[in-house]
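To convert, take the position in the sequence shown, counting from 1, and add 1174; that gives the working numbering. We put the CB at the ideal spot given by N, CA and C, even for glycine. All of these numbers come straight from a predicted model, not from anything done at the bench. Step one of this worksheet: look at the structure below.
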Amino acid sequence: TVLLLVAGIALGAGIHALVVPQPEWPGDYIGRLPIAVLVVIGGSLFKFAEKRAEADKLRRTYTALAGSIAHEMRNPLSQLSSALENIERTLPPPTTSHAPLPLAAARLDALYGHLSVGQLAVQRGLQVIALTLGEVRSRSFDPAGFVLVPAAETTRRAVEEYSYDNPAQRERVQVRVQEDFTFRGDETIYLFILFNLLRNALYYFETHPEARLMLTIEPGRVTVRDTGPGMSEEALLHLFQPFSTSGKSDGTGLGLSYCRRAMQAFGGDIACRSAPGLFTEFVLDFPTVPADQVQAEHEARLAEASAGLAGRHILVVDDDARLRQSAARMLQRLGCKVTEADGGEWALDLLQG
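Below, the structure written as structure tokens:
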């Protein structure tokens, strides 16, 4: 740009000298030329810095995207790997014989169970990718898709489904329910939030063998408190900003920023307090749904389901008689005709017969 400016000025001066017999060169004009050159140089440097900042932001965004997906896919991939290992153990050993291999009813039921776990893991993984891409694109949440979420049940499931490094690590995590509540939100997003908080706390467990993690449920609030290394006041100031990693060498900083956006979409918020060397506590506040409203919406869903299921013949398969009979009673209240089977082999016989 500077070279073009200088070349343009020189070309203009040359043409002026050729056209005008005795050209005059205004002193004030010539004096302003260095200023013009400096302005152009400054503008060019500013534009270069701006483009470089945009490129750096884009690089950090894609790095965060890759890192976040890698982190969040750990749970579903571990569950899928475990399901495949269980399937391998359940199947008969490989053989060169072409004769059909017998499979006991209990093993057949176990196979269906492992396949169900694997399918759920794949579905959860796809949801994780979709949620992460939505965060990077700053896509807003859709409250129209929110449903009633029971806090205690969903929190326990997050703790059970999380992929721990070892059984000892799992034993250091507890859930305490002082009083349950229901909020309106997205169950998968809430699990995603808890997985982030679990991962943040467990990151330091190896270097702090005495650390413990407690998730407490009370009306309108879920508290996630660990007795790990804690954080400084400076770290707390930037904790929920995008790309803040709080000292983690392999963190992306995308998680907590997402957690705050998600909680605010639920109508609540998330805050953190910490004391270095003592604890870190994340507090998730929710607007609760009154019990009578929960009951009314539950009955409305049952009525809607009853309209679609009434008169249908349903086969309920479960080796646990208590669970099977409970499911059968619920379906019968919806107007279904129910047949029960205590295993996969019996169920196949009923279907084939």
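In angstroms, rounded to a whole number, what distance separates the CA positions of residue i and residue j?
i	j	result
Arg-1263	Tyr-1338	22 Å
Glu-1335	Ser-1252	10 Å
Gln-1499	Glu-1514	8 Å
Ala-1280	Arg-1503	24 Å
Ala-1257	Gln-1352	34 Å
Glu-1471	Thr-1390	26 Å
Asn-1374	Ser-1448	13 Å
Val-1468	Gly-1442	18 Å
Glu-1224	Val-1213	16 Å
Gly-1517	Pro-1267	22 Å
Gly-1299	Arg-1435	21 Å
Asp-1494	Glu-1455	40 Å
Ala-1304	Leu-1285	29 Å
Leu-1522	Ser-1314	46 Å
Phe-1369	Gln-1343	14 Å
Assuming residue i and residue j make a contact with CB atoms under 8 Å, what is their CB distance in whole Å?
i	j	result
Val-1512	Val-1490	6 Å
Val-1349	Val-1333	6 Å
Arg-1346	Ala-1295	About 24 Å separates the two Cβ atoms, so there is no contact after all.
Suppose contacts are defined by Cβ-Cβ distances below 8 Å. Is residue i in contact with residue j by that definition?
i	j	result
Leu-1508	Ala-1479	yes
Glu-1361	Thr-1328	yes
Arg-1358	Phe-1320	yes
Gly-1292	Leu-1254	yes
Pro-1403	Gly-1451	yes
Cys-1446	Leu-1410	yes
Cys-1510	Leu-1483	yes
Pro-1317	Ala-1439	yes
Phe-1366	Arg-1399	no
Thr-1356	Val-1463	yes
Out of the options, state which residue places its alpha-carbon closest to the alpha-carbon of residue i.
i	options	result
Asp-1354	Thr-1381, Ala-1326, Arg-1486 and Arg-1298	Ala-1326
Pro-1341	Leu-1376, Phe-1369, Leu-1365 and Ala-1470	Leu-1376
Leu-1395	Phe-1379, Leu-1458 and Ser-1406	It is worth fixing the name first, because residue 1395 is Arg in this sequence and not Leu. It is Leu-1458 whose Cα lies nearest to the Cα of Arg-1395.
Leu-1524	Gln-1506, Leu-1497 and Ile-1488	Ile-1488
Leu-1371	Ile-1444, Ser-1290 and Pro-1393	Ile-1444
For residue i, write down the residues that DSSP places opposite it in a beta bridge.
i	result
Glu-1392	Arg-1395
Leu-1387	Val-1347 and Asp-1400
Glu-1455	Arg-1399 and Arg-1447
Lys-1221	Lys-1221 is not bridged to any residue.
His-1487	Lys-1511
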